[in-house]
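Residue numbers (our numbering): 3 to 253.
Shown next, in the form of structure tokens:
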């Protein structure tokens, strides 16, 4: 299966997609992790995607808005949510993608749809993401019945624009991902089903920025039974962009 087509002015958006969204107020926070620590969180068929022999674990808060499924207009009250996901990276048949350990979100109907129709491990949460001057603040509290408790609070200031990430660089590996994998809505390692779905996304390249962290207090990684990550994360803030969900297929 080929990669999603690269962005170009002549290829400004897919002709058809399952859903359109806009992602904004986004922070990529990553830690290098020993592969053996994350391997149990993936189904056997999925290969853990490594950068120079190292696995990476990410925590990503952002706002999703302008949500429009199947070419329909946005529905007031249902077209925006805040999200906080915990992720690593995987590949199947040579196709790299994102593997989500969990996705906490604020829109109950959106959580239901993502779990039911897209087989993704979305969880109900209370979350706020606000801006004071140049600084963004995000807070979250998981409220999903039966899921491990988790809280999150962070503040960061986006800085200077970075050059577009080049293929082969760590920034590209961590952010330029045009596929996702899921095996159902469970967040418990070792309890995934045999079915794997691969979703394909399309968007222009990320305009990444430096970021300065003012505050970080989180238990979302620990809620998965993983140890607290030592040291500060590698940070990339990102400008808003439009995203098209092109398809979701069982593989």
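Cβ atoms here follow ideal geometry from the backbone N, Cα and C, with glycine treated the same way.
Would you tell me roughly how many angstroms separate the C-alpha atoms of residue 22 and residue 143, rounded to the nearest one?
27 Å
Among 83, 160, 165, whose alpha-carbon lies nearest the alpha-carbon of residue 128?
83
Rank 58, 247, 40, 30 by C-alpha distance to the C-alpha of residue 181 and give the top, closest one.
247
Here's the rule I'm using: 16 or more other beta-carbon atoms within 10 Å means buried, otherwise exposed. How should residue 197 be labelled?
exposed
In chain order, what residues of the same chain have a beta carbon less than 7 Å from the beta carbon of residue 190, not counting five sequence neighbours either side?
none
The beta strand (DSSP E) spanning residue 114 covers which residue range?
Residue 114 -> not in any beta strand (DSSP E); alpha helix (DSSP H) instead, spanning 110 to 119.
So the candidates are 212, 168, 148, 81; which of them puts its Cα closest to the Cα of residue 187?
148
Measuring straight from C-alpha to C-alpha, what distance separates residue 172 and residue 206?
18 Å
Measure the CB-CB distance between residue 88 and residue 61 and report whether it falls below 7 Å.
yes
Provide the residue span of the alpha helix (DSSP H) that contains residue 152, from first to last.
It is not in any alpha helix (DSSP H) - residue 152 carries neither H nor E in the DSSP assignment.
Compute the Euclidean distance between the alpha carbons of residue 42 and residue 160, then round it to the nearest angstrom.
34 Å
In its own chain, which residues sit with a C-beta less than 7 Å from the C-beta of residue 44, not counting the 5 before and 5 after it?
50, 92, 101
Going by beta carbon distance, what residues of the same chain come within less than 6 Å of residue 106, once the five residues before and after it are set aside?
86, 125, 127, 142, 144
Can the beta-carbon of residue 217 be found less than 7 Å from the beta-carbon of residue 152?
no
Environment of residue 11 [buried if 16+ CB atoms lie within 10 Å]:
Legend: pLDDT at residue 11 = 47, less than 50; position of this residue unreliable, value from coordinates given subsequently. By the neighbour-count rule (16 or more Cβ atoms within 10 Å), residue 11 is not buried but exposed.
Applying the 10 Å Cβ sphere with the 16-neighbour rule, what's the burial state of residue 251?
exposed
For a quick check, are the C-beta atoms of residue 290 and residue 214 less than 7 Å apart?
Given a span of 3 to 253 for the chain in the structure shown, any question on residue 290 remains unanswerable.
Going by the beta-carbon positions, is the gap between residue 245 and residue 176 smaller than 7 Å?
no
Based on Cα-Cα distance, which residue from 26, 226, 225, 212 lies nearest to residue 235?
212
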